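Below is one structure, written out as structure tokens, with a few remarks after it.
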Amino acid sequence: MVLAEFLNMGSGEIMVILAVALLLFGGKKLPELAKGLGKGIREFKDASEGVKREIHRNINLSDIENEATAQEVKEKV
-17 MVLAEFLNMG SGEIMVILAV ALLLFGGKKL PELAKGLGKG IREFKDASEG
33 VKREIHRNIN LSDIENEATA QEVKEKV
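Counted the way the numbering used here counts, the sequence shown spans residues -17 to 59.
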């Protein structure tokens, strides 16, 4: 569990958090909440991948334009 290591939480703390969540939301609501959380994380991940692709595409276009400009300068000389 990378998240548990990141937050420096042991299994005891995780069990307490899960027990409190079960008491607050009930057994029927927890799967719905987990499903919604999973969808939200997936959408965020997809959006961040889209941003990364756009950044890389712009960098590649910029590199191509720089190479074309350098080639034109060499041809003039």
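In this text, a Cβ means the ideal position worked out from N, Cα and C, and glycines have one as well.
In this text, all values refer to a predicted model and were calculated from it rather than measured experimentally.
Among residues of its own chain, excluding the 5 on either side of residue i, which ones have a beta-carbon nearer than 8 angstroms to its beta-carbon?
i: F7; result: L15
i: L69; result: Outside the shown range of the chain, which is -17 to 59, sits residue 69, and nothing can be said about it.
Tell whether a beta-carbon distance below 8 angstroms holds between residue i and residue j.
i: L12; j: A3; result: yes
Between residue i and the rest of its own chain, which residues show a CB-CB distance below 7 angstroms, the 5 nearest in sequence each way excluded?
i: F26; result: none
Using three-state DSSP, classify residue i as helix, strand or coil.
i: M64; result: This structure cannot speak to residue 64, because the chain is shown only from -17 to 59.
i: G32; result: helix
i: N48; result: helix
i: G(-8); result: coil
Please return the same chain residues whose Cβ sits closer than 6 angstroms to the Cβ of residue i, not counting the five positions on each side in sequence.
i: M(-9); result: none
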